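Undergrad:
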Amino acid sequence: MCRRQRSCLSVAVLAGLLPLAAAAQESPRSVSVPLQIPTAYLQARAADVLDLDASGAGELRADECNFLELEDLRLLPRPDGVAELPPTIGLDIAVRGHGGARLFGSCRGPDPVEGRVLMELAPRAGIEGESVVFDAQSVEFRSSDGSESLLTRPSRALADALLVPRLQDLRVEVGSSLREIDALLEGFLEPEEAGQAVLAAPGQLRAVAVEDGGMRVDLGFELASRVLEAQADESGETPAAPVPEPFDPTDPSWDRVEDALDGFATVVVRYLGPRIDDEELRLELLALLIDVRTEVATMLFEAPAAEAQEDPLRLLFLDTWTRLGAILERLPPGDPEDLDYLLRLSSFIAAGDALALVDELGPAFGVEISRNGLLRLAEILMAGEGPEALTPLPLGEDEVLRSLFGFDGVPEASLATPATEAAPASAWLRRLSPISVAFAEEPDPALLLREVFPRRDNLDIYLGLVARLIDTSLDAHWEESRVPPEQHELFEPLVRATAWKETCWRHYLPGEESDDSAPRVIRSGVGAVGMMQIVGRVWRSLFDLDRLEQDVAYNVAAGIDILDHYYVHYALRRGEDSHPGGRDNLVRATYAAYNGGPSKLSRYRREDVAARARAVDEQFYRQYLVMREETWPRESRCYAR
């Protein structure tokens, strides 16, 4: 069923469907978007009209002696029509007709007659423009085996009198969807002048079509007239089109809006995720959330140049909607018992498509991403379950999201481990005290790392502490890991190499004033914290943000969980090891996603990536090869003292 292809979506100039460039100076624009009505929804509405119960059975009575028993309702869209009829929705239902009269205190008459009623229902737009109504194009009565033997005259009369009129009352109301999208467009579009309406008229149902998966209802929205082309000046020359004001990332209102975009993606994923049984679709939804958060975090800490002309949030929203729509259109029909959800989901898709189409009309229509607009869009999907606001996004751990990601709990890092092996006899380590002495009393490395900072004269001790912490964290992780046991030998050096590439195995830095002052948590320019450089804005609601900073063991365990997620659910699931490079590709893809988000999974093997990103991936892989062979870093240049 066509949903998001441009052949389904139209932006039309009302006067003759002219190209936009040839439009009049002032012209309304008509946006038409499809609202998909799945067969499951239509069947549930028909069952409701016929008063069928949860088992699909019901009765229609003329009186106590004359009635129809109904069951086994089936609807079948016929987009190509049947016989000489136009496209219809075929309805097929089993009936048992009881006819008779009350005599001597009981019903007397012939035995019940069983058969099926077949009807072709042709949908059309109601005259009020807010509902779909159905006309019965043909009615057939067949015996229960499907033969053309007609039912007895009394049973047919009952069907004509009781069944057909009920089905004539079948309607699909789309008025609420129209009004919601009206309000959404009002919230996302700026009026040309104060007090001016954004819409020239309320949205209306324009056309109905039968498709393989159900029915498509075209909703039309007419935007108010706007000046679309520059007026000629007195000299007769047409001035250049006005240039939009430069995007200003220092505007204090921007931070609240970008937080709202994060909030929008979060509440939508949190709402839809538990309703999606298809694991592949659910993983795409989770990847979308992390990519949105990663892009937002990058915008905050690496703001675009002042001369940037386009609002990056608007571009990110449109890209997000494109990806989200592609996921939604692949969802199964859903639970037919939840009629509201089925229609809300279709309305949500139509609403987002309407915004995308309006944006294609160009800057004259002033699409602006706003907190209220994003909230309204989320409310179309979530109805009464939506949040009161999208900002501020809660910072605490969210068990629903954690469950969706498979993060069943980051281990509490029990650090009672066997004695750590001695450091390798590298030239720059041999002259230092034996590591076995440092660990004679099995100290807690997470606590010692708050006091022991790496220097050239204590690297055997410091690196041994970190190695022991990573070993302990991995030992705890294997109890819940999804990494196949035969691939642990790949995953362990992946963890070590990631920690080294991110921070050179550091979580804390000495205090600024002296070695005796409180240690500082290492932090990157984009807000990543700790040894595993986890960005709180990206992973909030999935991990405890305070512990990511304050507890090096928690930080390492969280990083391992994230690597496991990317390794199993993305690199391995999508067959990165099938490309040239074999199993090592699983490691390289996992780190690329860890560093840049799920959409960067294949970055390491693509040619069209920035030189900086390519260098990051190559540096990581070189370090991984070292960790796989020696488990220790070869160089000490990270440590200046």
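As numbered in the working numbering, residues 228 to 868 make up the sequence shown, in order.
Beta carbons are placed, not taken as given, at the ideal position from N, Cα and C, and that holds for glycine.
On a predicted model such as this, the values are computed, not experimentally measured, just so you know.
1. For G356 versus Q263, is the C-beta spacing smaller than 8 Å?
2. Taking all protein chains shown into account, decide if V664 is buried (16 or more other Cβ within 10 angstroms of its Cβ) or exposed.
3. Thinking C-beta only, is A581 closer than 8 Å to L397?
4. Go ahead and pull the three-state DSSP assignment for F680.
5. Looking only at C-alpha atoms, which of L295, A424, T725, F528 sits nearest to A819?
6. When DSSP builds the beta bridges, which residues end up paired with G809?
7. Skipping 5 residues on each side, what residues in its chain have a beta carbon closer than 6 Å to that of F294?
8. Please confirm if the segment 766-775 is in contact with the segment 620-634, defined as three or more CB-CB distances below 8 Å between the two stretches.
9. Can you find at least 3 beta carbon pairs, one from the segment 426-442 and one from the segment 302-313, that sit closer than 8 Å?
10. Looking only at DSSP bridge pairs, what is D362 linked to?
11. In the DSSP output, what is T315 paired with across the bridge?
12. So, for L543: in the same chain, excluding its five sequence neighbours on each side, which residues have a beta-carbon less than 6 Å away from its beta-carbon?
13. Between the Cα of L297 and the Cα atoms of A281, R800, G308, which residue gives the shortest distance?
14. For E716, which of Y268, L394, E856 has the nearest alpha-carbon?
15. Is it the case that the segment 312-328 contacts the segment 359-370, given that we only count it when at least three CB pairs across the two stretches are under 8 Å?
16. Who are the Cβ neighbours of M854 in its own chain at under 6 Å, not counting the five residues just before and after it?
17. Count the other CB atoms, across all protein chains shown, that sit within 10 Å of the CB of V425; report buried if there are 16 or more and exposed otherwise.
18. How is V523 classed by DSSP in three states: helix, strand or coil?
19. Do L394 and A273 have their C-beta atoms closer together than 8 Å?
20. State buried or exposed for R351, treating a residue as buried only when at least 16 other CB atoms are found within 10 Å of its CB.
21. Kindly indicate the opening and closing residues of the alpha helix (DSSP H) around E413.
22. Can you list, in chain order, the residues of its chain with a C-beta nearer than 6 Å to that of L345? Leave out the 5 residues immediately preceding and following it.
23. Could you tell me the distance, in whole angstroms, from the CA atom of D504 to the CA atom of T525?
24. Which residue wins for smallest C-alpha separation from D486, given the options L510, R810, V519?
25. Can you grab the Cα-Cα spacing for the pair Y568 / Y831, in whole Å?
26. Which of helix, strand or coil does DSSP assign to Q395?
27. By how many angstroms is the C-alpha of A328 removed from the C-alpha of P392?
28. Count the other CB atoms, across all protein chains shown, that sit within 10 Å of the CB of S333; report buried if there are 16 or more and exposed otherwise.
29. Could I get the ranges of all uninterrupted alpha helix (DSSP H) runs contained in the segment 696-773, with 4 residues as the minimum, in chain order?
30. Cutting at 6 Å between CB atoms, please list the residues of its own chain near R256, excluding the five before and the five after it.
31. Flag S863 as yes if its beta-carbon sits less than 8 Å from any beta-carbon of chain B, otherwise no.
32. Considering only residues of the segment 602-637, which uninterrupted beta strand (DSSP E) runs meet the minimum length of 3 residues and lie entirely inside it, listed in chain order?
33. Got a sec? Which residues, its chain only, sit under 6 Å from W732 by beta carbon, not counting five neighbours each side?
34. Give me whichever residues DSSP pairs with A428 in a beta bridge.
35. Return yes when the Cβ of E624 is within less than 8 Å of the Cβ of D771, no when it is not.
36. Take H704 and list the residues in its own chain whose beta-carbon comes closer than 6 Å to its own, dropping the five residues that flank it on each side.
TA: By the coordinates alone:
1. no
2. Low confidence applies here, because V664 scores a pLDDT of 42, under 50, leaving its location unreliable; read the following figure in that light. Per the 10 Å Cβ criterion, exposed.
3. no
4. coil
5. T725
6. Paired residues: none, contrary to the question.
7. E286, R288, H325
8. yes
9. yes
10. A349
11. R305
12. E522
13. A281
14. E856
15. yes
16. P720, R723, A724
17. buried
18. helix
19. yes
20. exposed
21. 402-415
22. D319, E367
23. 32 Å
24. V519
25. 40 Å
26. helix
27. 23 Å
28. exposed
29. 715-730, 763-766
30. L450, L588
31. In the displayed structure, chain B is absent; only one protein chain is listed.
32. none
33. V693, A726
34. E449
35. yes
36. I787
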